[in-house]
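This note's numbering runs 30 ahead of the 1-based position in the sequence shown.
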Amino acid sequence: KVQCHYFLLSSVTATGTKLFLYRCVLSSCSWRLVKFLAASAVLVLSLQILVYELSTDLPTPVLLSEEDYRVLSPQTYKYILNQPAACKHRTPFLVFMVPVAPQQVEARQAVRKTWGAPGAETLTLFFMGVPEEQGSGVQEQLEAESGRHADIIQMDFVDSYPNLTIKTMMMMNWLATHCPNASYAMKVDSDIFVNIFYLMQRLRGSPRWGYITGSVIRNGKVRRDSSSKWFVSKQMYPKDRYPTYMSGAGYVFSSDLAWRISWASRYVKMIPLEDVYVGLCLQVLDVRPVYSYSLPFMTNLFEVRDLQYDRCTFARRVIVNGFSPSELVRVWQDFYQGHVHC
Ligand SMILES: *[C@@H]1O[C@H](CO)[C@@H](O)[C@H](O)[C@H]1NC(C)=O
Ligand SMILES: *[C@@H]1O[C@H](CO)[C@@H](O)[C@H](O)[C@H]1NC(C)=O
31 KVQCHYFLLS SVTATGTKLF LYRCVLSSCS WRLVKFLAAS AVLVLSLQIL
81 VYELSTDLPT PVLLSEEDYR VLSPQTYKYI LNQPAACKHR TPFLVFMVPV
131 APQQVEARQA VRKTWGAPGA ETLTLFFMGV PEEQGSGVQE QLEAESGRHA
181 DIIQMDFVDS YPNLTIKTMM MMNWLATHCP NASYAMKVDS DIFVNIFYLM
231 QRLRGSPRWG YITGSVIRNG KVRRDSSSKW FVSKQMYPKD RYPTYMSGAG
281 YVFSSDLAWR ISWASRYVKM IPLEDVYVGL CLQVLDVRPV YSYSLPFMTN
331 LFEVRDLQYD RCTFARRVIV NGFSPSELVR VWQDFYQGHV HC
């Protein structure tokens with residue numbers, strides 16, 4: 031008599047989750063043989079994964095010279111505006127750390143009205159340097175804004191695109207120093223839609239230590255064309271490929287990584303790409319970013335492409351990229367009211 035057996039073998043490899051579906055039509059007497067073969071296959075596969083994991087060669091980290099570290103080190107810069115007591119009387123579950131330029135008032139306003147609104151479990155803070163153009167009145171307005179909202183943290187480095195790496199290390203240092211007991215932190219840009227409901231739900235079941243997830247980029251190619259926004263010279267970074275890193279648009283991590291990344295930065299020379307820089311620090315720590323996909327279509331929950339607004343599509347994402355402040359507010363109003371019906 032002929033029987034049908036279906037095996038669903040799910041194996042998590044470094045390249046993501048692959049599903050193998052085997053359909054076997056076999057007589058019941060060879061059933062034992064099939065089980066034996068399946069067990070052997072699993073064993074061989076696990077060994078392969080193990081060998082792969084062991085053979086990913088980690089270069090021995092070399093401590094930076096004092097001069098190389100100084101540019102990056104938060105100790106080099108002074109706070110102009112700070113919120114040292116933000117976590118004194120409460121322990122947020124999740125801290126949103128939002129890098130913005132000093133003049134981006136509307137972007138901050140949009141975040142405060144949407145996913146960054148004050149909540150029982152979340153804390154939202156904006157991080158910046160000093161305006162590139164002095165004497166524009168931006169600083170005075172910023173100080174007034176900081177007085178009203180108490181959510182602005184500013185250090186005295188020049189706020190420019192290449193200096194975003196300094197800003198990121200400033201955020202890590204701030205969290206490690208002033209809010210170490212928060213469970214998670216999210217570095218997220220101000221033009222991002224964050225589905226805070228889905229995010230919180232997912233985080234509740236996530237590891238509390240050594241955990242980082244986002245839109246994972248593997249084998250990223252180094253841009254050597256000097257006109258590129260992402261140009262990096264051979265002198266800054268000699269290899270052709272970057273280690274695995276997360277897109278800087280938005281990534282979430284357990285808060286222990288804030289001090290561990292700060293520590294690792296003593297071994298990693300500054301490059302002007304802040305997301306790659308964090309990836310280089312994670313490599314020193316041997317922390318592997320976790321993919322965030324949902325089944326069955328392997329949807330990337332951290333959507334870094336532009337995506338037309340649709341309430342129920344957005345309900346199944348953690349972030350979506352590319353919103354102007356007014357678009358963010360408009361989309362949020364609809365989403366906030368209607369997402370539960372999806
Ligand atoms: C980065 O900030 C430092 C410290 O303020 C400044 O000296 C440097 O010019 C800035 N770099 C760029 C590219 O703006
Ligand atoms: C963090 O938690 C520890 C232990 O519970 C406590 O001693 C410490 O004061 C807390 N720190 C902050 C900044 O809340």
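Where is the CB? At the ideal position from N, CA and C, for every residue including glycine.
- In this structure, ligand 1 has no non-hydrogen atom nearer than 7 Å to the beta-carbon of S285.
- The continuous beta strand (DSSP E) containing P129 extends over residues L124 to P129.
- The segment 312-323 makes no contact with the segment 183-197; the number of CB pairs closer than 8 Å stays below 3.
- Q171 carries a helical assignment under DSSP once its states are collapsed to helix, strand and coil.
- In the three-state scheme derived from DSSP, where H, G and I count as helix and E and B as strand, R271 is classed as strand.
- Apart from sequence neighbours up to five positions away, the residues of its chain that approach A131 with a beta-carbon distance below 7 Å are M158 and D189, ordered along the chain.
- Note on geometry: alpha-carbon atoms of S285 and L205 lie some 8 Å from one another.
- By the neighbour-count criterion, in which 16 or more other beta carbons inside 10 Å mark a residue as buried, A137 falls on the buried side.
- Per DSSP, the unbroken beta strand (DSSP E) holding A215 starts and ends at Y214 to V218.
- Buried is the label assigned to Q134, since at least 16 other Cβ atoms lie within 10 Å of its Cβ.
- At a Cβ-Cβ threshold of 8 Å, Q171 and P355 do not count as neighbours.
- Residue environment for T144: buried (at least 16 other C-beta atoms within 10 angstroms of its C-beta).
- Look at N330: its beta carbon is at least 7 Å from all of the heavy atoms in ligand 2.
- Under the three-state reduction of DSSP output, R100 falls in the helix class.
- DSSP links G244 through a beta bridge to Y281 and Y321.
- Runs of the beta strand (DSSP E) spanning 3 or more residues and lying entirely within the segment 147-215 occur at 152-160 and 182-188, in chain order.
- Inter-segment contact for the segment 287-300 and the segment 252-259 is absent: fewer than three beta-carbon pairs are separated by less than 8 Å.
- Straight across, the Cα-Cα distance linking W239 with L287 is about 8 Å.
- Here the distance from the Cβ of N193 to the nearest heavy atom of ligand 1 is below 7 Å.
- In terms of Cβ geometry, V218 and F365 do not form a close pair [threshold 8 Å].
- Annotation: C117 to V262 spans about 37 Å, alpha carbon to alpha carbon.
- In summary, Q113 is buried, with 16 or more beta-carbon neighbours lying within 10 Å of its beta-carbon over all protein chains present.
- S236 is the residue among A71, S236 and F327 whose C-alpha sits nearest the C-alpha of V282.
- Here the alpha carbons of R120 and P268 stand approximately 45 Å from one another.
- Contact annotation, D305 with G280: C-beta distance approximately 10 Å; criterion of less than 8 Å not satisfied.
- For ligand 2, no non-hydrogen atom lies closer than 7 Å to the CB of N203.
- From the listed residues R360, S213 and S176, the smallest Cα separation to L155 is found for S176.
- Residue state for K251 is assigned as strand, using DSSP reduced to three classes.
- The closest CA to that of I291, considering only H179, Q338, L310 and R346, is found on L310.
- Not one heavy atom of ligand 1 falls within 7 Å of the beta-carbon of V262.
- Residue side-chain check: C117 places its Cβ nearer than 7 Å to a non-hydrogen atom of ligand 2.
- When secondary structure is reduced to three states using DSSP, Y339 falls in the coil class, being assigned neither helix nor strand.
- Between V348 and F327, the C-beta spacing is not below 8 Å.
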